[in-house]
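Novice:
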Amino acid sequence: MCGFVVLLNHTARRPPPSHGDPCAALAHRGPDASGHLDLGGGNWHAALHFRRLAVVDLDPRSDQPFGSPKRGVLVYNGEIYNASYLREVLRKRQVTFSTEGDTEVLYELLLQPDAPRLLDQVDGMFAFALLLPDGELRYGRDRLGVKPLYTAVDAAGRTVALASEIEPLRAAGLTGDVDPVAVAQGAMFLWTPPPRTGWQRVRAVPAGTVLSRRAPGYDEASPWWRAGAATPAGDIGAAVRASVARQVRADVTVGLLLSGGLDSTWLGVEMSREGFAGPAFAARARTTAPTAEPFEDDAPYAARVARRLGLPLTWVDLDVDVLRRIPELVTAMELPFGDPAAVTLMQLSRAACGEATVLLSGLGVEELFLGYERYQAVLLLQRLPAWARPALGATTVVPGPRRYRG
Numbered sequence: 001m002c003g004f005v006v007l008l009n010h011t012a013r014r015p016p017p018s019h020g021d022p023c024a025a026l027a028h029r030g031p032d033a034s035g036h037l038d039l040g041g042g043n044w045h046a047a048l049h050f051r052r053l054a055v056v057d058l059d060p061r062s063d064q065p066f067g068s069p070k071r072g073v074l075v076y077n078g079e080i081y082n083a084s085y086l087r088e089v090l091r092k093r094q095v096t097f098s099t100e101g102d103t104e105v106l107y108e109l110l111l112q113p114d115a116p117r118l119l120d121q122v123d124g125m126f127a128f129a130l131l132l133p134d135g136e137l138r139y140g141r142d143r144l145g146v147k148p149l150y151t152a153v154d155a156a157g158r159t160v161a162l163a164s165e166i167e168p169l170r171a172a173g174l175t176g177d178v179d180p181v182a183v184a185q186g187a188m189f190l191w192t193p194p195p196r197t198g199w200q201r202v203r204a205v206p207a208g209t210v211l212s213r214r215a216p217g218y219d220e221a222s223p224w225w226r227a228g229a230a231t232p233a234g235d236i237g238a239a240v241r242a243s244v245a246r247q248v249r250a251d252v253t254v255g256l257l258l259s260g261g262l263d264s265t266w267l268g269v270e271m272s273r274e275g276f277a278g279p280a281f282a283a284r285a286r287t288t289a290p291t292a293e294p295f296e297d298d299a300p301y302a303a304r305v306a307r308r309l310g311l312p313l314t315w316v317d318l319d320v321d322v323l324r325r326i327p328e329l330v331t332a333m334e335l336p337f338g339d340p341a342a343v344t345l346m347q348l349s350r351a352a353c354g355e356a357t358v359l360l361s362g363l364g365v366e367e368l369f370l371g372y373e374r375y376q377a378v379l380l381l382q383r384l385p386a387w388a389r390p391a392l393g394a395t396t397v398v399p400g401p402r403r404y405r406g
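Oh and the sequence shown: position 182 is 182 in my numbering, straight run, nothing missing.
And the structure:
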């Protein structure tokens with residue numbers, strides 16, 4: 001998972017004392033290594049903190065912060081799946097490498113004069129911050145914003161902070177007050193549309209964008225990717241197959257969250273083709289609490305798929321008492337949301353962490369393939385006369401009992 005915090009102060013002094021240790025707030029994101037670096041110039045000072053969860057290239061030479069003060073220092077969360085290809089592209093530019101990891105590949109790529117164009121060739125999920133020798137801070141996210149990255153600025157506009165989670169920003173005293181608009185959006189849509197986060201001073205960094213801060217109070221944004229034409233339906237199978245093949249390659253154990261639905265079953269089939277033999281994890285409900293979320297038991301379907309694929313299946317007995325889980329859900333999710341699937345995912349992840357470091361799941365596929373009923377309703381809405389759309393369209397934002405089930 002990994003995580004990082006960057007504090008940049010545009011004064012000669014160090015960043016102001018925080019109300020907590022930013023690195024400690026990220027300890028759960030990276031148990032394998034941690035790093036910290038202080039840098040400064042005539043009118044700026046920066047502190048970079050990093051926590052590492054090693055998945056590919058376990059060599060400590062890939063630990064972060066990565067680089068040197070003379071060229072630039074990188075902190076980065078994510079994985080570059082076509083790092084080998086990009087390494088060869090950069091070698092043709094006379095770039096030499098000292099590690100086999102993707103961190104160094106991204107580092108050298110970001111230092112190229114045409115870095116935004118090269119970013120479009122990157123196949124991966126990532127969030128990064130690159131501090132250059134003159135104090136310029138460049139930061140950005142992958143195409144779809146898979147990896148989180150938040151930014152906050154103090155009231156004076158001189159201290160900017162970046163973090164993989166909101167909690168380190170709160171520890172640094174930079175979140176400000178609760179954002180009532182974000183809370184209202186969370187209640188209405190059951191999620192928080194970016195860039196809002198629930199805090200007035202905290203914003204989500206835009207996906208597919210690189211930002212640069214050279215002076216206090218000004219960030220220059222450069223979008224490097226925009227959604228293009230849709231992939232033809234006939235190519236979807238090949239795209240999923242190639243994606244799974246890339247993501248099962250790791251130097252640690254990869255597992256599968258299996259529900260028996262189309263999404264996770266498809267993943268299981270493609271993973272098996274790549275030699276995957278487990279572990280797989282499936283949930284089953286074991287609660288009669290009056291505050292429990294209604295839970296459709298996927299166990300029979302998951303068991304059937306596991307038998308068909310020959311996968312060892314570990315059962316996780318769930319406590320789906322939502323009210324009792326609210327405090328830990330708020331801590332983990334951070335943003336206003338209303339998806340009860342988080343209760344299941346949290347318990348599955350905790351049960352799996354002793355056996356697998358990476359988990360593949362079908363989460364998010366419904367959004368990509370428009371599988372939820374609300375997406376079908378939008379398509380039908382577009383076929384109605386213009387005068388009828390406002391009244392009927394308003395009903396789609398009212399949460400219903402099946403609103404978050406696909």
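Using N, Cα and C, we set each Cβ at its ideal position, and we do this for glycine too.
By the three-class DSSP mapping on this structure, what secondary structure does P194 have?
Specialist: If DSSP states are grouped into helix, strand and coil, P194 belongs with coil.
Novice: If you run the structure through DSSP and keep just helix, strand and coil, what is S68?
Specialist: strand
Novice: May I have the straight-line CA-CA distance separating Q185 from W199, to the nearest angstrom?
Specialist: The C-alpha of W199 is placed about 13 Å away from the C-alpha of Q185.
Novice: Who are the near neighbours of V110 in its chain, counting only those whose CB is closer than 6 Å to its CB and skipping five residues on each side?
Specialist: Here the sequence assigns Leu to residue 110, which means Val is not the residue at that position. Answer for L110: L130, listed in chain order.
Novice: Go to S361, then tell me how far its alpha helix (DSSP H) extends in each direction, as first and last residue.
Specialist: Premise fails: S361 is in no alpha helix (DSSP H) and is neither H nor E.
Novice: Around the Cβ of P65, are there at least 16 other Cβ atoms within 10 angstroms (buried) or fewer (exposed)?
Specialist: buried
Novice: In chain order, what residues of the same chain have a beta carbon less than 7 Å from the beta carbon of F50, not counting five sequence neighbours either side?
Specialist: F4, S34, G35, Q64, P65 and V75
Novice: Using the C-alpha atoms, what's the distance from D102 back to T159?
Specialist: 30 Å
Novice: Could you tell me how far apart the beta carbons of D57 and E100 are, in whole angstroms, since I believe they sit closer than 8 Å?
Specialist: 5 Å
Novice: Output the distance between the C-alpha atoms of Y150 and R307, rounded to the nearest integer angstrom.
Specialist: 42 Å
Novice: Would you list the one or two residues that DSSP bridges to M333?
Specialist: None, per the DSSP bridge assignment.
Novice: Can you tell me whether DSSP reads Y404 as helix, strand or coil?
Specialist: In this prediction, Y404 scores a pLDDT of 38, lower than 50, which makes its location untrustworthy; the coordinate-derived value is nonetheless stated afterwards. In this structure, Y404 counts as coil in the three-state DSSP scheme.
Novice: Flag this pair as yes or no: are the beta carbons of R201 and T175 separated by less than 8 Å?
Specialist: Their beta carbons are under 8 Å apart, which means R201 touches T175 by this criterion.
Novice: Is it right to say K147 is buried, meaning 16 or more other beta carbons lie within 10 angstroms of its own, or is it exposed?
Specialist: buried
Novice: Classify N9 as helix, strand or coil using the three-state DSSP reduction.
Specialist: strand
Novice: Have a look at L37, G364 and T96 and flag the residue whose alpha-carbon is nearest the alpha-carbon of A341.
Specialist: G364
Novice: If the criterion is Cβ atoms closer than 8 Å, does the pair N82 and C2 meet it?
Specialist: no
Novice: According to DSSP, simplified to helix, strand and coil, what is M1?
Specialist: DSSP places M1 in the coil class of the three-state scheme, outside both helix and strand.
Novice: What would DSSP say about D235, mapped onto helix, strand or coil?
Specialist: helix
Novice: If you measure between the beta carbons of V316 and E274, is that distance less than 8 Å?
Specialist: no
Novice: Which residues share a DSSP beta bridge with R161?
Specialist: Note that residue 161 corresponds to Ala in the displayed sequence, not to Arg. L7 and A152.
Novice: Relative to the alpha-carbon of T314, which residue among L335, R325, A356 and F337 has its alpha-carbon at the smallest distance?
Specialist: A356
Novice: What three-state label does DSSP hand Y375 in the structure shown?
Specialist: Under the three-state reduction of DSSP output, Y375 falls in the helix class.
Novice: Quick check on the DSSP output: the alpha helix (DSSP H) that includes G268 runs from which residue to which?
Specialist: L262 to R273
Novice: Exposed or buried, which one is L384 when buried takes at least 16 other CB atoms within 10 Å?
Specialist: Counting of Cβ neighbours within 10 angstroms places L384 among the exposed residues, the total staying below 16.
Novice: Just to confirm, is the Cβ distance from I80 to F126 under 8 Å?
Specialist: yes
Novice: With a floor of 3 residues, list each beta strand (DSSP E) that falls wholly inside the region 25-68, ordered by position along the chain.
Specialist: 33-40, 45-52 and 66-68
Novice: Taking C-beta to C-beta, are L162 and V122 nearer than 8 Å?
Specialist: Taking the C-beta atoms as reference points, V122 is found no nearer than 8 Å to L162.
Novice: For N82, write down the residues that DSSP places opposite it in a beta bridge.
Specialist: In the DSSP secondary-structure assignment, N82 is not bridged to any residue.
Novice: Taking the alpha helix (DSSP H) that Q349 falls in, what are its first and last residues?
Specialist: Correcting the residue identity first, residue 349 is Ser in this sequence and not Gln. It spans A341 to A352 - the alpha helix (DSSP H) in which S349 sits, taken as one unbroken run.
Novice: Please return the same chain residues whose Cβ sits closer than 6 Å to the Cβ of R405, not counting the five positions on each side in sequence.
Specialist: Note that R405 scores 36 on pLDDT, short of 50, meaning its location in the model is unreliable and no value can be drawn from it.
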